[in-house]
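Asker: I have a structure I would like to understand better, so I am pasting it below and will then ask my questions one at a time.
Here it is in structure tokens:
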């Protein structure tokens, strides 16, 4: 009669499992980055080839190589403009996100206040951003603060609305269950309501990342010396199509990076909302 095969001790199995090299957590991010890089490379090749093969006039669409050469020829101007616009957009976005989430929670907790103030928020959003920007620049001058306020103006409203919508989407039965176990209003907000609303909030934050960039650029159009909006205006007034496309390319890069950072934070914080 043959003896049963010997099995490794449980402690040894656990030790081997613990010593096994962990699977890299960045594989998914690297694959996504590689796909984006390949897509951008393909777009660049198609852009360059289409302009050459179709003999497109540079006034309408210059070759991508010429646009990149314009950026490389004066890197300091584009880099300083990139950093300045990013700083303005980031300041406005951060303030708009904090204010929007806070006001959304307050409106959820105080329906009477919501009914009184929320219509004023809606009316404020009917004012075109360029008209509001003119007023802000008149008040605060051509300062970084003025541009940040314009970015804040276009960011806070969608964050407020989505925060309120997310909080109101909580299942009342879950609220009743937690209350039956003695949960306080603060515990309900921290452990149930706010986590449930986070996927909806991040939808607005991703939108706000793009809107804050628009607000910062519009603010620079009222007069400044540095910024991507300034480069856009200078290229337009000088009828410099290559410089205009170079500034647009920098704006697209900034918007993509800003959006990607917010989306990355969302994937790390709202892992349970992947299926929503």
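In the numbering used here, the protein residues as written are -2 to 273.
Ideal Cβ placement from N, Cα and C applies to all residues, glycine included.
#1: Given residue 64, which residues of its chain have a CB within under 8 Å of its CB, disregarding the five upstream and five downstream residues?
#2: Rounded to the nearest angstrom, what separates residue 61 and residue 137 at their Cα positions?
#3: Which value, in whole angstroms, describes the spacing of the CA atoms of residue 256 and residue 212?
#4: Out of 160, 215, 267 and 142, state which residue places its alpha-carbon closest to the alpha-carbon of residue 88.
#5: Would residue 199 be called buried (16 or more neighbouring beta carbons within 10 Å of its own) or exposed?
#6: Between the C-alpha atoms of residue 129 and residue 82, what's the straight-line distance to the nearest angstrom?
#7: Please classify residue 57: is it buried, with 16 or more other beta-carbons within 10 angstroms of its beta-carbon, or exposed?
#8: Judging by CA-CA distance, which residue of 209, 205, 201 and 164 is the nearest neighbour of residue 187?
#9: Given that a residue counts as buried once 16 or more other Cβ atoms are within 10 Å of its Cβ, and exposed if not, what is residue 135?
#10: If you run the structure through DSSP and keep just helix, strand and coil, what is residue 235?
#11: Is residue 178 helix, strand or coil by DSSP?
#12: Does the Cβ-Cβ distance between residue 181 and residue 97 come in under 9 Å?
#13: Pick out whichever of 260, 170 and 230 has its Cα sitting closest to the Cα of residue 202.
#14: Return the residue from the list 84, 225 and 196 that minimises the CA-CA distance to residue 263.
#15: Go ahead and label residue 221 buried or exposed: buried means 16 or more other beta carbons lie within 10 angstroms of its beta carbon, across all protein chains shown.
#16: Let's test the definition: count the other Cβ atoms within 10 Å of the Cβ of residue 269 and tell me whether it reaches 16, buried, or not, exposed.
#17: Kindly list the residues whose CB is nearer than 6 Å to the CB of residue 133, restricted to its own chain and excluding five residues on each side of it in sequence; keep chain order.
#18: Just the C-alpha distance for residue 258 and residue 228, rounded to the nearest angstrom, thanks.
#19: Taking 9 Å as the threshold (C-beta atoms), are residue 99 and residue 155 in contact?
#20: Between the beta-carbon of residue 209 and the beta-carbon of residue 152, is there less than 9 Å?
#21: Which runs of the alpha helix (DSSP H), 4 residues or longer, sit entirely within the region 48 to 114?
#22: Helix, strand or coil for residue 166 per DSSP?
#23: Which class does residue 136 belong to by DSSP, given the choice of helix, strand or coil?
#24: Whole angstroms are fine: how far does the CA of residue 219 sit from the CA of residue 131?
#25: For residue 78 versus residue 225, is the C-beta spacing smaller than 9 Å?
#26: Figure out for me which residue from 75, 91 and 125 has the closest Cα to the Cα of residue 248.
#27: Please work out which residues of its chain come closer than 7 Å, Cβ to Cβ, to residue 167, disregarding the five sequence neighbours upstream and downstream, and give them in chain order.
#28: According to DSSP, is residue 267 helix, strand or coil?
Answerer: Quick look at the numbers:
#1: Position 67 of the chain shown, counting from 1, holds the residue named residue 64. Excluding positions up to five away in sequence, the list reads 239, 242, 243 and 246.
#2: One-based indexing of the chain shown puts residue 61 at position 64. One-based indexing of the chain shown puts residue 137 at position 140. One C-alpha to the other measures close to 39 Å.
#3: Locating residue 256 in the chain shown gives position 259, where the first residue counts as 1. Locating residue 212 in the chain shown gives position 215, where the first residue counts as 1. Roughly 15 Å between the two C-alpha positions.
#4: Against the chain shown, residue 88 aligns to sequence position 91. When only C-alpha atoms are compared, the closest one is 142.
#5: As a working mapping, residue 199 is identified with position 202 in the chain shown. By the 10 Å Cβ count, residue 199 comes out buried.
#6: One-based indexing of the chain shown puts residue 129 at position 132. One-based indexing of the chain shown puts residue 82 at position 85. So the alpha carbons of these two residues sit roughly 18 Å apart.
#7: Within the chain shown, residue 57 is the residue found at index 60, counting from 1. By the neighbour-count rule (16 or more Cβ atoms within 10 Å), residue 57 is not buried but exposed.
#8: Here residue 187 is taken as the residue at index 190 of the chain shown, counted from 1. Of the candidates 209, 205, 201 and 164, the one whose C-alpha sits nearest the C-alpha of residue 187 is 164.
#9: Locating residue 135 in the chain shown gives position 138, counting from the first residue. Exposed, by the Cβ-count rule.
#10: The residue labelled residue 235 in the question sits at position 238 within the chain shown. It is coil, neither helix nor strand.
#11: Within the chain shown, residue 178 is the residue found at index 181, counting from 1. Three-state result, residue 178: coil.
#12: Reading the chain shown from its first residue, position 184 is the one you call residue 181. Reading the chain shown from its first residue, position 100 is the one you call residue 97. Not closer than 9 Å, so no.
#13: Taking the first residue of the chain shown as 1, we reach residue 202 at position 205. Nearest C-alpha to residue 202: 260.
#14: The count along the chain shown starts at 1 and reaches residue 263 at position 266. Closest by alpha carbon: 196.
#15: Locating residue 221 in the chain shown gives position 224, counting from the first residue. Its Cβ being crowded by 16 or more others within 10 Å, residue 221 is buried.
#16: To locate residue 269, count along the chain shown from 1; it is residue 272. Answer is exposed; the Cβ neighbour count stays below 16.
#17: Numbered from its first residue, the chain shown carries residue 133 at position 136. Hits under 6 Å: 143, 146 and 147.
#18: Position 261 of the chain shown, counted from the start, is the residue given in the question as residue 258. Position 231 of the chain shown, counted from the start, is the residue given in the question as residue 228. Spanning the two alpha carbons is a distance of roughly 25 Å.
#19: Counting from one through the chain shown, the residue named residue 155 turns up at place 158. Counting from one through the chain shown, the residue named residue 99 turns up at place 102. No.
#20: Here residue 209 refers to the residue found at position 212 of the chain shown. Here residue 152 refers to the residue found at position 155 of the chain shown. Taking 9 Å as the Cβ cut-off, residue 209 and residue 152 qualify as a contacting pair.
#21: 61 to 70 and 72 to 106
#22: By one-based count along the chain shown, residue 166 stands at place 169. Of the three classes helix, strand and coil, the one that applies to residue 166 here is coil, per DSSP.
#23: Walking along the chain shown from the start, residue 136 turns up at place 139. Helix.
#24: Walking along the chain shown from the start, residue 131 turns up at place 134. Walking along the chain shown from the start, residue 219 turns up at place 222. Cα to Cα, residue 131 sits roughly 7 Å from residue 219.
#25: Your numbering for residue 78 matches position 81 in the chain shown. Your numbering for residue 225 matches position 228 in the chain shown. Contact: yes.
#26: On the chain shown, residue 248 is found 251 positions in, with the first residue counted as 1. Cα-wise, what sits closest to residue 248 is 75.
#27: Stepping through the chain shown from its first residue, residue 167 is reached at position 170. The residues are 189, 190 and 193.
#28: If you number the chain shown from 1, residue 267 lands on position 270. Correct three-state label for residue 267: coil.
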